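Below is one structure, written out as structure tokens; the observations come after it.
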Amino acid sequence: MAADPRTPDALTVEVAELIGTVVARYHEEYELAAAEHALTGAQARVLALLAREPTPMRQLARQLKCEPSNMTGMVDRLEARGLVERRPDPADRRVKVAAATDEGQAVAARLRRELKFAGAPLQGLTPAERRLLRDLLRRMLGEPEESGEEPRPPRP
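The sequence shown: position 87 = 135 (the numbering used here), numbered continuously.
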């Protein structure tokens with residue numbers, strides 16, 4: 049009897065489980081690092097995204113797969129701490145974007161440095177191995193392959 053093509057083979061299952069373990073360890077460390085700055089993991093992820101570029105809150109909600117009203121509350125709390133500010137979108141002044149303040153940029157940078165699990169194991173790989181891993185992950189995510197480019201800022 050032929051194997052069901054929808055049933056993953058043992059290697060595929062092992063790779064999927066390893067990816068799940070890496071993601072779980074990353075999130076666990078991210079939550080701990082966020083707590084050191086009196087942030088929730090979700091607030092830290094919002095701050096990390098806004099440190100990369102000012103973004104409309106609806107877009108942030110889509111990226112983090114949460115309700116826009118939840119995003120408003122998160123941005124309110126970050127704004128109350130002086131980490132984020134709302135400003136008009138230069139492309140459409142009717143739209144407000146959230147942006148990291150200088151203090152927010154500094155906190156986001158400290159969070160990135162404090163994530164040892166996110167960087168330390170990758171440093172054990174050669175630059176060629178890291179590029180290959182990056183390219184394979186992009187392919188898995190359906191992102192276009194781009195050669196010769198500078199690395200993108202890390203995602204939260």
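Ideal placement from N, C-alpha and C gives every residue a C-beta, glycine not left out. Please read these numbers as outputs of a predicted model, since none were measured by experiment.
Sub-8 Å separation of Ala-154 and Arg-135 beta-carbons: no
task = State the beta-bridge partners of Thr-103 as determined by DSSP.
result = Ala-146
Q. Pro-136 lies in the beta strand (DSSP E); which residues open and close that run?
A. 132-137
(Q) With H, G and I counted as helix, E and B as strand and the rest as coil, what does DSSP make of Arg-182? (A) helix
**Request:** Note down the Cα distance separating Ala-83 from Pro-56, rounded to an integer number of angstroms.
**Result:** 38 Å
- Going by beta carbon distance, what residues of the same chain come within less than 8 Å of Asn-118, once the five residues before and after it are set aside? Ala-109
Checklist entry - Comparing alpha-carbon positions, which option in Arg-161, Thr-103, Ala-156 and Tyr-78 lies nearest Asp-140? => result Thr-103
* Taking DSSP as the reference, what is the three-state secondary structure of Arg-141? -> strand
Assuming Leu-112 and Arg-129 make a contact with CB atoms under 8 Å, what is their CB distance in whole Å?
Contact doesn't hold; Cβ gap of about 19 Å is too wide.
Should Leu-159 go down as buried or exposed, given a rule of 16 or more other Cβ atoms within 10 Å for buried? buried
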